[in-house]
Amino acid sequence: MAAKTISAPIEVYRYDPSRDRAPRYDRFTLEVEPHTPVLTALLSIRNQQDPSLTLRYSCRSAICGSCAMQINSKSRLACQTPIGPEIERHGRLVVEPMRNQAVLRDLVVDQSSFWQNYRKIEPYLKLDPRQPMPEGTPNPMTPAEVDRFHETPRCIACAACYSACPAVESDPAFPGPMALAKLYRFVVDPRDRATQDRLVRIQTEGLWLCLRCHLCTEACPKDVQPSERIRDLKELAIAAQGGTERGSRHAIGFKENIRERGLLQEMKLVRQTDGLAGLAGQLGQGLRIWRKKPETTKRPPAIEDLAQVETLYRELDDPTEGHR
Amino acid sequence: MRRHEVVVVGAGLAGQRAALAAVEAGRDVAVVSKLHPLRSHSGAAQGGINAAVGAEDSVDTHIYDTVKGSDYLGDQDAIEFFCREAGPTVVEMEHFGTIFSRSPDGSLARRPFGGAGFPRTIYAADRTGLALLQAIWERLGTESSRFTLYQEWDLTRVVVRDGAVQGIVAFDRATGAFEGIAAPSVVLATGPSGRIYARTTNAHSCTGDGVAAAYEAGALLKDMEFVQFHPTALPDSGILITEGARGEGGILKNSLGERFMARYAPHVLDLASRDVVSRAIATEVAEGRGFPGGFAHLELMHLGREKIESRLQEICDFSRHFAGIDPVTEPIPVYPAQHYMMGGIGTNATGATSVRGLFAAGEAACVSIHGANRLGGNSLLETLVFGKQAGIAAAEHAARSSTRPEIAAADVDASQGPIRAMMARKDGEDPAALRAEMQATMERYVGIYRTEADLLEGIRRVRALRQRYENVRIVDRSSVYNLNLTDALEVGHMLELAEVIVVGAYARTESRGAHSRTDYPKRDDAHWMKHTLARRSDRGPELSYSPVAYTRWEPKERVY
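In order, the protein sequences belong to chains A and B.
In terms of my numbering, the first sequence has 323 at position 137, counting the first letter as 1, and numbering is strictly consecutive.
In terms of my numbering, the second sequence has 433 at position 431, counting the first letter as 1, and numbering is strictly consecutive.
So, in C-alpha cells, the structure goes:
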C-alpha cells in the first residue's frame with residue numbers, strides 16, 4: 187500500500203514554561219505519505235529528531251481522546267487528521283496546543299477546568315430509593331430509548347469542543363459543550379430519577395450561555411454533535427419549567443416576536459426577557475440608541491409575507507403538517 | 003512521603019473496579035495512573051463482554067468454552083468462579099449506567115463471538131470498553147472524596163521489605179518529583195504490555211510497567227510465553243478490527259477468493275478461536291495466497307450499509323480514516339497483530355500474588371482463566387470480576403495489617419539515582435532506537451510461529467539489548483512532562499518482560515493455544531500441562547512450574 191511520499195514541512199509550537207522565556211515554533215521536515223496522520227508525524231519527530239517534543243497520546247485510533255490539538259487552527263485529533271489534505275488546503279501544517287486551557291509544555295495543556303466542568307454536571311445516575319432498580323436483572327430499555335442518546339455515548343472527552351468554544355473563552359460560568367452533551371446523556375436516560383431537577387438547575391448554571399455557533403459540532407471527532415444536544419436541552423428545559431427562567435423567556439420571546447411581525451422587536455424582547463424592571467435597567471442604553479437610530483426603538487411594522495412565517499411555525503410545531 | 007491504606011496502580015477497568023471495592027470497604031485509597039482514567043486502554047475494547055444470561059445459554063457452557071479455549075491450561079476452579087460472576091457483573095455495570103445495545107424486547111443484546119458455543123457477548127455497539135469505562139469512572143466519581151487520584155504519575159518501583167509490601171515509588175509527570183507512597187496493600191492493574199511487539203493493537207501506553215515492577219520486586223510471573231495475536235488488525239497500523247465484525251457475519255477471504263477458514267475450522271469457520279484464525283491467516287499469506295503486501299481480506303459488504311453503520315460504527319470510522327477503506331463497499335485488509343498477554347503477575351482468584359500485600363488484576367495479572375488462549379469477550383469480564391476481588395482482598399489485608407509500612411529516602415533514591423545517571427550521560431543509547439529493535443526482534447523471532455533456532459536467536463538479541471540498556475541516555479533535561487524519561491523507563495520495563503517471554507517460549511517444547519512451535523507441533527499433556535513461573539535473578543528468569551487446577555473437564559483435542 188505504498189503511496190507516493192510528500193515532503194511535509196511541520197511547524198510545531200514549543201514552550202516549556204519552566205525553562206523558556208517565550209513560546210517559539212520549531213520547523214521540521216518529514217517525508218510522509220499523504221494519508222499519514224499528524225500524530226504519526228509528531229511521533230516520528232520524537233523518535234528521530236527531537237525526543238523533547240511533548241504531547242499527550244496513547245491509542246492512535248481515536249478512542250482514548252488524548253491527542254486533541256490545534257491543527258492549522260482547528261481543534262482536531264492528531265491521530266485522525268491526515269497530513270496531505272492539510273498541506274494541500276493550507277500550504278502548511280501548523281500544530282499548536284488546544285485553546286481555552288493553559289499550556290503546561292509544548293502541546294500538553296492543563297485540563298483541570300475541563301474535567302471540573304464535566305464533574306459539575308453530576309455525570310452519574312441519580313436514583314430514588316422509592317423507585318429502586320430491579321434486583322439481579324438489568325433495567326429494560328428499548329432500542330428506541332437507546333436511540334434517544336443520539337451519539338453522546340461516543341464522546342471520548344478529548345476536549346476538542348472545549349478548545350473550539352468561544353463561550354468557554356468568554357465566560358467561565360459556561361460549562362462547555364462536552365459537559366452539556368454529557369448532561370443531555372443523563373437527562374434522556376430512562377434510569378435517571380433527577381431529570382426535572384437537572385433541567386431546572388442547568389438553566390442557571392450555564393445552559394443559556396451557549397452562543398449557538400456550532401463550532402463544537404464541527405470540531406467533534408466522534409460526531410457527538412454537542413450543539414444539537416444543547417439545543418435539545420434548551421427545549422427540554424423550557425418544557426420542564428414552563429419557560430419561566432430568564433434564558434428560556436428570552437428564547438420564547440424571540441419566537442413569539444418573530445411570529446407576530448416576522449422580525450425582531452428589540453424593546454419588546456428586553457421586556458419579555460427581563461420584565462419592566464429589566465427594561466428600566468436598559469433605559470440609558472435605550473436612550474442612546476434612540477438618539478442615534480430612533481427607528482429601532484419603535485415598534486416595527488409587520489413584514490409583508492407574514493402568512494408564510496405562520497406556515498413555517500405551524501410546520502415546525504407539527505412536523506407531520508409540512509414535509510420537513 | 004505520602005501514606006494511604008490501599009494503593010491501586012492503573013485506572014482502567016480493573017484498577018477502577020479494585021479502587022471502588024476498596025473504597026466501599028472503607029479504606030483510604032490512592033489511584034495512581036500514568037493516564038487520566040478515561041484515557042485508559044480498557045476504552046479501546048470493542049466487541050463485548052461475555053455472560054451466559056439467556057434462558058437458552060448456561061454458565062456451564064461458558065465454563066466449558068473458556069476451558070477449551072484455554073487449551074486446557076486455564077485453572078478450572080478459577081474459571082468456574084469467573085463464569086458464575088459474569089451475570090451479576092454485567093447487571094452491576096448496567097445499574098452503574100452503562101448504555102448497552104438492546105434487543106427489541108428491551109433485554110441486553112448479544113452477539114456471537116469466536117470460540118463460544120452460544121451468542122453470549124453483550125455489547126455496546128463496537129465500543130463496549132468505552133461504555134464500561136465511562137460508567138465505572140462516573141460511578142467511582144461519586145466517591146471522589148474517599149480516594150486520591152494521582153493522575154499522570156509514572157510507577158517506578160514496588161517497595162518490598164522482609165517479604166511484605168511497603169508501597170510504591172512514582173513520579174509526577176507535571177513536576178518531575180519522585181515520591182514514595184506508603185501502603186500495606188498495593189494493587190497492580192497496569193494493563194497490557196503489547197508494545198513489546200512491533201505490530202500490536204495495543205495503545206502506545208501499554209508497556210507492562212506494573213508487571214515489570216512486580217517482577218523486579220520478586221513476584222512470580224506466570225505463563226508469559228502465551229501471547230495472543232488478534233487475527234484482524236489493519237496491516238500498517240495494527241489498529242484493531244473487532245471480532246464482533248465476524249460475529250455480525252463478516253468473512254475472511256484469501257487472494258484466490260476462497261473462504262479459507264473452511265480448511266482450518268470446518269465447523270465454525272470464521273468464528274474459531276483467535277489463535278486458530280491468526281495461524282490460518284499467517285499460513286495463507288506465507289503460502290502465497292495473501293494479497294500483495296501480505297494480508298487477507300475481511301468482507302462485510304454483504305451485511306449491508308445499515309447493519310454495518312449501526313453495529314460497527316467505530317469500525318467504519320477506523321477503516322475510513324486509517325485505511326482509506328469503506329467497509330460498506332470494499333473489503334478491509336487484515337493481518338494478525340499482537341493483542342493480549344495471557345500471562346502476567348501470577349495471582350490466585352482473590353488477586354493475591356506471591357508477595358505479601360501485593361495484588362494484581364486485569365491484563366497485568368494471570369489468574370489463570372485464559373490459559374494458553376483467551377476467548378474474545380472474556381477480558382472485559384476479567385477486569386471487572388477480578389478487579390473487584392483484588393480490591394476486596396487488598397482492603398482486607400490493609401485492615402488486618404498491624405505493621406506501619408515505610409518508604410525510606412533510599413527507596414526513592416533507588417529509582418531516582420539511575421534516572422539522574424541517564425540524564426547526566428554525554429553519550430549513550432537512545433530509548434526509541436532500543437524500543438524499535440526490541441519490537442522488531444520479538445516480531446521476527448517470538449511471533450505467531452516459533453522454532454528453537456528462532457527463540458535462541460531471540461534470547462541472544464534481547465539480552466544484547468538489555469546490555470545496551472545499561473547505557474541508556476535521556477537527552478531531555480526538563481522536569482516538566484519529560485516524556486523522554488518516560489520512554490527510557492518504559493523500554494526498561496518491556497525489555498525485562500521480553501526476556502521472560504522468550505525464555506519461557508524456548509523452554510516450552512510443545513504447541514498449546516497461542517504458543518505454536520513448528521518443531522513441536524502437538525500439545526504434550528504428559529509433560530506440559532503446567533503453568534510456567536518465572537522469578538527474576540541476576541542471570542535472567544529462573545523458571546519453575548506449577549500444576550493446572552482441574553474440576554470437571556478432561557483435556558480433549560481442540561477442534562473448532
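Cβ coordinates follow ideal geometry from the N, Cα and C atoms, glycine included.
Check: Contact set between S103 of chain B and chain A, taken where Cβ atoms lie within less than 9 Å; Outcome: P329, V332
Check: Interface positions of the segment 463-483 of chain B facing chain A (Cβ-Cβ less than 9 Å), listed along the chain; Outcome: I476, V477, D478, R479, S480, S481, V482, Y483
Check: Endpoints, alpha helix (DSSP H) assigned at H97 of chain B; Outcome: 78-97
Check: The segment 27-59 of chain B: positions lying closer than 9 Å to chain A by Cβ; Outcome: L37, H38, L40, R41, S42, H43, G45, A46, Q48, V55
Check: As assigned by DSSP and simplified to three states, the class of G467 of chain A; Outcome: helix
Check: Segment contact, 8 Å Cβ cut-off, at least three pairs: the segment 380-387 of chain B with the segment 82-102 of chain B; Outcome: yes
Check: Partner residues on chain B for H221 of chain A, Cβ-Cβ distance less than 8 Å; Outcome: G326
Check: Rounded straight-line distance, which links the Cα of K255 of chain B to that of S275 of chain B; Outcome: 17 Å
Check: Reduced DSSP secondary structure (H/G/I, E/B, other) of G508 of chain A; Outcome: A caution first: G508 of chain A carries a pLDDT of 47, below 50, which makes its placement in the model too unreliable to give a value.
Check: Cβ of C253 of chain A within 7 Å of any chain B Cβ; Outcome: no
Check: Cβ neighbour criterion (16 or more within 10 Å) applied to H276 of chain A; Outcome: exposed
Check: Burial state of Y152 of chain B (16 or more Cβ within 10 Å); Outcome: buried
Check: Coarse secondary structure for P233 of chain B, derived from DSSP in three states; Outcome: strand
Check: Bridge partner(s) assigned by DSSP for R159 of chain B; Outcome: B:V171
Check: Neighbour-count burial assignment, Q302 of chain A, 16 or more Cβ in a 10 Å radius; Outcome: exposed
Check: Test: P237 of chain A CB closer than 7 Å to a CB of chain B; Outcome: yes
Check: Rounded separation between A405 of chain A and L395 of chain A - CA only; Outcome: 19 Å
Check: Neighbourhood of A353 of chain A by C-beta, 7 Å cutoff - its chain only, sequence neighbours within 5 removed; Outcome: F360, L395, C396, L397
Check: Where V198 of chain A falls, given that 16 or more other Cβ within 10 Å makes a residue buried; Outcome: buried
Check: Cα-Cα separation, L419 of chain A to Y370 of chain A; Outcome: 6 Å
Check: Rounded Cβ spacing between L157 of chain B and A215 of chain B (contact assumed at less than 8 Å); Outcome: 6 Å
Check: Within chain A, partners of F228 of chain B - CB distance below 8 Å; Outcome: None at all; the shortest Cβ gap to chain A is about 24 Å.
Check: Residue interval of the alpha helix (DSSP H) (run including L492 of chain A); Outcome: 492-503
Check: G542 of chain B versus A466 of chain B - alpha carbon distance; Outcome: 12 Å
Check: Helix, strand or coil at D413 of chain B according to DSSP, with G and I counted as helix; Outcome: helix
Check: Near-chain A residues of the segment 220-253 of chain B - C-beta to any C-beta below 8 Å; Outcome: P237, D238, S239, I241, L242
Check: Beta carbon of A16 of chain B nearer than 7 Å to that of A137 of chain B; Outcome: no
Check: Same chain, Cβ closer than 6 Å to R128 of chain B, five either side skipped, listed in chain order; Outcome: As written in the sequence, residue 128 of chain B is Asp, which differs from the Arg given in the question. Answer for D128 of chain B: Q48, T244, G246, L314, E316, I317, listed in chain order.
Check: Cut-off 7 Å between Cβ atoms - residues of its own chain near G295 of chain B, not counting five sequence neighbours on either side; Outcome: P237
Check: Top-ranked residue by Cα proximity to W281 of chain B, from B:E492, B:T234, B:A179; Outcome: Sequence inspection shows Arg at residue 281 of chain B; the Trp mentioned does not correspond to that position. Considering only alpha carbons, the answer is B:T234.
Check: The segment 116-126 of chain B in contact with the segment 62-79 of chain B per 3-pair CB rule at 8 Å; Outcome: yes
Check: Cutoff 7 Å: S195 of chain B Cβ touching any chain A Cβ; Outcome: no
Check: Other residues of its chain near R510 of chain A: CB distance less than 8 Å, five sequence neighbours each side excluded; Outcome: A caution first: R510 of chain A carries a pLDDT of 40, below 50, which makes its placement in the model too unreliable to give a value.
Check: Residue-level contact to chain A via CB, G17 of chain B, 7 Å cutoff; Outcome: no
Check: Chain A contacts from the segment 481-500 of chain B (Cβ-Cβ distance under 9 Å); Outcome: S481, V482, Y483, N484, L485, N486, D489
Check: For V561 of chain B, the residue or residues it bridges with in DSSP; Outcome: Beta-bridge pairing links V561 of chain B to no other residue.
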